[in-house]
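Below is one structure, written out as structure tokens; the observations come after it.
In this note's numbering, the protein residues as written are 10 to 409.
The structure is reproduced here in structure tokens:
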């Protein structure tokens, strides 16, 4: 009985230490390698034909600005396809006003971005197929140079490409939003840069994505996964076309203005992320063993890292549990393992904040992260008892 208890607590320490060490190593790699990876120039860009798919659900408040900016930067309206998906507003009319191709889709049962993208891909299969397909959300901005880099890198390297997907900083942002912004920076920039340097597949982040047509046309994207981007990256990787980070291409967006909209968005992301971990990490681990592919193993470990807030929360609970166990049994092996992992992770997080995050948080505010983590407990409780399984539109306030 004592042996089994020791195994259980040792397993708890190991399960928590693995994602802590994975993210700490990723932070360390990016911290030590500050130079961006150079991308090729776009001299051969004109050789690649591309189309931009833009899924849009009730985006009348932002779509005109997005399309005007994109077209003003040199994108041809003929190369832009807006999928007005289950829209009840003027999204389709606004898109037509900008002379882009508009596809309208109505299906109350099959709702979500994956189904919208599949509709656009099916349309292109019956037309002159492009060399490269770009996926860009209707609420995102990308400059012409970034668009050129994405197309160029995708075409030349024959692999899916992911731009850096960042949220804009605003001096009027609340503390919780600035903490969320720092966490977003870690997730969507710091970690992918490290993963890319290691030569591992990067996780797709939903917008600013470029795919060789022969890859994306055969991937099943018509599914109800509420984080379809993660699933798409996994499917591309398993089919032999691992996504790569195009570090100098950048896509910008904004967090929702309203707190309830932000909570809805956060719940969708984190519930979808956790569901994908549960369903896909075992699959990736199995394939890494069968294929004897260490890159697939590394990808599995990266995907297995839970949302940062949950990881910090579970690590704190694990430490308290193991301190109690060690005090009672006078056995400190499991506690030492987790404590070393927590200390290494904490140091790397502080170094990352010092290098990249001081525009987001002061020292005092950095110390307030545990309070922010506790405030998100409800998100994880609802994952257990009332998991979000379907896509819900995030309301946004249009910015001038």
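The C-beta atom is built at its ideal place from N, Cα and C for all residues, glycine as well.
- Scanning its chain for C-beta atoms nearer than 7 Å, with the 5 sequence neighbours on each side dropped, one finds around residue 308 the residues 209, 210, 246, 293, in chain order.
- Residue 207 and residue 42 have their C-alpha atoms roughly 12 Å apart.
- Per DSSP, residue 211 lies in no alpha helix (DSSP H) segment and is marked neither H nor E.
- Its Cα nearest to that of residue 328, the residue 342 stands out among 315, 317, 316, 342.
- CA-to-CA, the gap between residue 204 and residue 128 works out to about 32 Å.
- Per the Cβ contact rule, the segment 148-165 is not in contact with the segment 236-250 (fewer than 3 Cβ pairs under 8 Å).
- DSSP, reduced to helix, strand and coil, places residue 276 within a helical segment of the structure shown.
- Relative to the Cα of residue 286, the nearest Cα in the group 260, 303, 295, 315 belongs to 315.
- Taking residue 115 as the centre and dropping the five residues before and after it, the same chain places the C-beta of 95 closer than 8 Å to its C-beta, in chain order.
- The beta carbon of residue 97 sits closer than 8 Å to the beta carbons of 67 from its chain, once the five residues preceding and following it are set aside; these are given in chain order.
- Put simply, of 226, 354, 356, 191 the residue whose alpha carbon is nearest the alpha carbon of residue 134 is 226.
- Counting along the chain, residue 79 sits inside the alpha helix (DSSP H) bounded by residues 72-81.
- Judged by pairs of C-beta atoms under 8 Å, the segment 318-326 touches the segment 381-389, as three or more such pairs exist.
- Note on geometry: alpha-carbon atoms of residue 379 and residue 354 lie some 14 Å from one another.
- When the beta-carbon positions are compared, residue 93 and residue 111 come within less than 8 Å of each other.
- Residue 262 sits close to residue 176, with the two beta carbons spaced by under 8 Å.
- Closest option to residue 331, judged by alpha-carbon separation, among 13, 17, 171: 17.
- Taken in chain order, the whole alpha helix (DSSP H) runs of length 4 or more contained in the segment 307-360 are 317-338.
- Annotated three-state conformation of residue 169 is coil, per DSSP.
- Assigned with DSSP and collapsed to three states, residue 257 falls in strand.
- When the beta-carbon positions are compared, residue 126 and residue 61 stay at least 8 Å from each other.
- Secondary structure of residue 84 (DSSP, three-state): coil.
- As the crow flies, the alpha-carbon of residue 194 is around 29 Å from that of residue 120.
- By the CB criterion at 8 Å, residue 361 and residue 199 fall inside the cutoff.
- The three-state secondary structure of residue 127, taken from DSSP, is helix.
- Residue 300 counts as exposed, since fewer than 16 other C-beta atoms from the protein chains shown sit within 10 angstroms of its C-beta.
- Relative to the Cα of residue 312, the nearest Cα in the group 190, 339, 196 belongs to 196.
- Annotation for residue 100: 65, 67, 68, 69, 72, 93 place their beta carbon closer than 7 Å to its own, counting only its chain and skipping 5 residues before and after.
- Of the other Cβ atoms in all chains shown, 16 or more fall within 10 Å of the Cβ of residue 348; this residue is therefore buried.
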